[in-house]
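4 protein chains.
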Amino acid sequence: MTNAATTAGAGQAGQSHLPQLFETHPRGVTLSRDAGALLEAIGAAFDCAQTCTACADACLAEPDVQAVVHCIRLNLDCADVCTTTGRVLARQTEPDLAVVRAQLQACVVACRACGAECRTHAHHQHCQVCADACRRCEQACDRLAGALAP
Amino acid sequence: MTNAATTAGAGQAGQSHLPQLFETHPRGVTLSRDAGALLEAIGAAFDCAQTCTACADACLAEPDVQAVVHCIRLNLDCADVCTTTGRVLARQTEPDLAVVRAQLQACVVACRACGAECRTHAHHQHCQVCADACRRCEQACDRLAGALAP
Amino acid sequence: MTNAATTAGAGQAGQSHLPQLFETHPRGVTLSRDAGALLEAIGAAFDCAQTCTACADACLAEPDVQAVVHCIRLNLDCADVCTTTGRVLARQTEPDLAVVRAQLQACVVACRACGAECRTHAHHQHCQVCADACRRCEQACDRLAGALAP
Amino acid sequence: MTNAATTAGAGQAGQSHLPQLFETHPRGVTLSRDAGALLEAIGAAFDCAQTCTACADACLAEPDVQAVVHCIRLNLDCADVCTTTGRVLARQTEPDLAVVRAQLQACVVACRACGAECRTHAHHQHCQVCADACRRCEQACDRLAGALAP
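Chains as they are written, first to last, in my numbering: chain A, 810 to 959; chain B, 810 to 959; chain C, 810 to 959; chain D, 810 to 959.
Now the structure itself:
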């Protein structure tokens with residue numbers, strides 16, 4: 810793998826460098842036998858973190874901001890929970906499965922609550938987009954948690 | 810409360826401004842009837858986040874860094890989990906108790922795992938200090954989770 | 810835009826929901842006239858945050874971890890700086906340009922330092938991948954900072 | 810130092826474990842010759858992060874939330890910038906001074922902007938408390954940046 814190829818394959822298309830990083834990790838992907846499910850959960854968590862951050866901001870710009878106070882609050886919580894979940898999942902060296910599972914569970918709960926609230930504001934299109942990101946992350950984390958069950 | 814008094818009371822002594830913030834919150838402290846338990850959990854979470862960040866760094870500087878790889882990994886996870894927990898708890902406006910409880914539970918698990926690992930390296934004094942910070946945070950989050958139980 | 814179409818367009822392919830979020834933001838993309846440059850900077854910052862988190866972890870798993878202590882340290886700093894930069898850039902509502910520019914500058918400096926260090930460990934393929942992610946983020950933030958110059 | 814003494818000295822009083830951590834760091838406090846200035850900057854950064862998180866939340870609960878949209882936005886930025894600054898400063902192992910200085914500078918700018926905005930809403934007492942936390946952090950980071958100047 811050359812530098813140029815790496816950039817062409819990941820950088821220019823705006824894709825993630827994480828799959829390549831995992832392929833070159835000295836211990837490989839140890840957290841899950843299903844590397845695809847793991848990468849999907851990490852990607853979904855960081856995508857949801859960004860989307861919730863931006864949805865809180867979009868809600869703040871709405872003329873009826875009073876009506877979306879609960880949505881902003883859940884967006885902020887969900888963005889934080891997803892960021893931490895993504896970081897914990899990105900580490901492959903000697904994971905503690907109890908820690909990973911508990912954070913995945915917190916992420917499932919946060920995405921479910923935020924997504925449900927966003928769906929009640931679907932007349933705001935950004936809330937509809939955010940609900941999709943939350944659902945994707947909830948499903949990906951739920952699937953991964955199942956694969957890591959004791 | 811004047812600006813000067815605030816600074817004298819909190820800033821100069823290096824204490825937290827959070828108790829004053831909560832006293833002046835338009836809805837008060839809604840998350841828990843026991844504001845002291847809440848403030849202790851927030852303070853413990855941010856203290857643990859800092860201490861785990863610094864303990865990972867101190868471990869990295871140890872001549873026998875190979876022996877503390879698992880400790881560094883848990884320190885990094887615990888720092889992230891505690892930061893997110895502290896931020897979620899710092900919000901009083903329309904909390905979702907399921908989200909708060911799930912994140913508190915993740916924090917209890919992370920602090921328990923990190924503290925237990927640190928105690929096995931108690932010949933490194935920084936690991937002993939970190940184990941104390943983890944135990945304080947685990948206990949504070951466990952107590953608050955109990956008070957928020959459905 | 811239907812829920813199904815949104816999921817098909819972004820969720821299933823693992824792509825970011827952020828472009829759709831920005832299209833539906835009540836104030837539009839206010840931070841920069843060049844929405845493409847902004848989205849590239851946000852995408853590069855979150856990609857670099859993930860990649861640096863995973864590279865620190867991969868370094869930690871190397872048999873010669875002593876030789877990559879400085880790399881781990883810079884990876885951890887760069888991951889934190891990129892996460893905050895991505896979050897600040899994801900907000901479009903009434904940005905303070907001085908704040909945005911200063912954080913972009915910190916991100917450029919962190920990515921430059923981390924990428925340079927990673928390139929000195931290019932025999933570790935993960936460091937090579939991380940150097941690419943750092944270069945992409947440095948360039949994207951530098952370009953955006955130029956577009957936001959006073 | 811015994812476990813019990815540590816807990817009595819730091820945990821019960823709600824004080825930070827960080828000074829003890831630094832005293833036991835294998836390389837000592839390498840970032841600055843003035844450990845007091847460093848600890849003050851770290852403490853002020855994490856205090857400001859918490860206070861800004863809570864002030865954004867208190868603003869969100871105000872009946873005139875429309876009037877504090879800019880304040881919420883700056884609070885969110887400042888909370889993120891301070892968190893990252895505190896984490897970077899908490900690491901003593903082989904710091905890159907250019908990275909540390911650039912992040913300190915971003916923190917000074919963010920605290921100045923957020924504090925100034927909060928002072929314009931001083932009829933909200935939480936904004937007044939937050940302005941104090943921002944000023945303390947701005948001053949501590951500015952002082953430390955001066956001590957680290959090339």
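Where a beta carbon is used, it is the ideal one built from N, C-alpha and C, also for glycine.
{"Item": "For D/Gln-914, name the three-state secondary structure that DSSP assigns.", "Value": "helix"}
{"Item": "What residues from the region 859–874 of chain A come within 7 Å of chain C, judged by C-beta to C-beta, listed N to C?", "Value": "Gln-859, Thr-860, Thr-862, Ala-863, Cys-864, Asp-866, Ala-867, Leu-869, Ala-870, Glu-871"}
{"Item": "Would you verify that the beta carbon of D/Thr-929 is, or is not, closer than 8 Å to some beta carbon of chain B?", "Value": "no"}
{"Item": "Determine whether the beta carbon atoms of D/Leu-913 and D/Cys-861 lie at a separation below 8 Å.", "Value": "no"}
{"Item": "Check the Cβ of A/Val-878 against every Cβ in chain D and list those closer than 9 Å, keeping chain order.", "Value": "Leu-869, Ala-870, Val-874"}
{"Item": "Among the residues of its own chain, which have a CB less than 6 Å from the CB of B/Ala-940, if the five just before and after it don't count?", "Value": "Gly-924, Cys-927, Arg-928"}
{"Item": "State the DSSP-derived secondary structure class of A/Val-838, mapped to helix, strand or coil.", "Value": "coil"}
{"Item": "To the nearest angstrom, how far is the alpha carbon of C/Ala-954 from that of B/Gln-948?", "Value": "45 Å"}
{"Item": "How long is the line joining the alpha carbons of D/Ala-888 and B/Glu-849, rounded to whole angstroms?", "Value": "20 Å"}
{"Item": "Drop a sphere of 10 angstroms on the beta-carbon of D/Thr-811, count the other beta-carbons inside from all chains shown, and report buried for 16 or more, exposed for fewer.", "Value": "Confidence is the limiting factor: at D/Thr-811 the pLDDT is only 35, short of 50, which leaves the residue's position unreliable, though a coordinate-based value still follows. Answer is exposed; the Cβ neighbour count stays below 16."}
{"Item": "Give me the chain A residues within the contact set of C/Cys-939, using Cβ-Cβ distance strictly less than 9 Å, ordered along the chain.", "Value": "His-826, Leu-830"}
{"Item": "Starting from A/Thr-894, trace the alpha helix (DSSP H) both ways and give me its first and last residue.", "Value": "878–899"}
{"Item": "Could you compute how far the alpha carbon of B/Ala-865 sits from the alpha carbon of D/Thr-893?", "Value": "16 Å"}
{"Item": "Measure from the alpha carbon of B/Gln-978 to the alpha carbon of each residue in B/His-930, B/Asp-856, B/Leu-827, then state which is nearest.", "Value": "The structure shown has nothing for residue 978 of chain B, since chain B only spans 810 to 959."}
{"Item": "Just to make sure I have the definition right: I need the residues of chain A whose C-beta is within less than 9 Å of the C-beta of B/Arg-952. Which are they?", "Value": "Residues of chain A passing the Cβ test: none, with the nearest at roughly 17 Å."}
{"Item": "Taking C-beta pairs closer than 8 Å, name the residues in chain G that A/Arg-882 reaches, listed in chain order.", "Value": "Here the protein chains are A, B, C and D, and chain G is not one of them."}
{"Item": "Who are the neighbours of A/Gln-901 on chain C, taking C-beta pairs under 8 Å?", "Value": "Ala-863, Asp-866, Ala-867, Ala-870"}
{"Item": "Relative to the alpha-carbon of B/His-826, which residue among D/Ala-958, D/Cys-946, D/Arg-952, D/Pro-959 has its alpha-carbon at the smallest distance?", "Value": "D/Cys-946"}
{"Item": "Would you mind working out which of A/Arg-952, A/Ala-899, A/His-879, A/His-932 sits nearest A/Thr-839, comparing C-alpha positions?", "Value": "A/Ala-899"}
{"Item": "Buried or exposed, going by whether 16 or more other CB atoms sit within 10 Å of the CB of B/Gly-837?", "Value": "exposed"}
{"Item": "Cα separation between D/Ala-958 and D/Leu-906?", "Value": "9 Å"}
{"Item": "For D/Asp-941, which of helix, strand or coil comes out of DSSP?", "Value": "helix"}
{"Item": "Using only the alpha-carbon positions, how far apart do B/Val-869 and B/Glu-832 sit?", "Value": "Sequence check: residue 869 of chain B is Leu here, not Val. Roughly 41 Å between the two C-alpha positions."}
{"Item": "By a C-beta neighbour count over all protein chains shown, 10 Å radius and 16 as the cutoff for buried, is C/Arg-842 buried or exposed?", "Value": "exposed"}
{"Item": "Going by DSSP, what residue range makes up the alpha helix (DSSP H) through D/Thr-862?", "Value": "844–869"}
{"Item": "Figure out for me which residue from B/Leu-885, B/Gln-859, B/Ala-922, B/Gln-829 has the closest Cα to the Cα of B/Ala-895.", "Value": "Here residue 895 of chain B turns out to be Gly, not Ala, going by the sequence shown. Among B/Leu-885, B/Gln-859, B/Ala-922, B/Gln-829, the Cα nearest to that of B/Gly-895 is on B/Gln-859."}
{"Item": "Select from D/His-879, D/Leu-883, D/Glu-871, D/Ala-956 the residue whose C-alpha is nearest the C-alpha of A/His-879.", "Value": "D/Glu-871"}
{"Item": "Given that a residue counts as buried once 16 or more other Cβ atoms are within 10 Å of its Cβ, and exposed if not, what is D/Gln-829?", "Value": "buried"}
{"Item": "Give the secondary structure of B/Asp-951 by DSSP, where H, G and I count as helix, E and B as strand, and everything else as coil.", "Value": "helix"}
{"Item": "Starting from A/Pro-780, follow the alpha helix (DSSP H) in both directions and report where the run begins and ends.", "Value": "In the structure as shown, chain A begins at 810 and stops at 959. Residue 780 of chain A is therefore absent and cannot be evaluated."}
{"Item": "If the cut is a Cβ gap below 8 Å, which residues of chain C does D/Gln-914 touch?", "Value": "Ala-911, Gln-914, Ala-915"}
{"Item": "Could you round the C-beta distance between C/Ala-919 and D/Val-908 to whole angstroms and report it? I think they count as a contact, below 8 Å.", "Value": "5 Å"}
{"Item": "Would you report the Cα separation of B/Leu-885 and C/Ile-881, rounded to the nearest angstrom?", "Value": "12 Å"}
{"Item": "Do you know how far the Cα of C/Gln-934 is from the Cα of B/Pro-904?", "Value": "44 Å"}
{"Item": "Taking the CB atoms as reference points, tell me whether D/Ala-867 and B/Pro-835 lie closer together than 8 Å.", "Value": "yes"}
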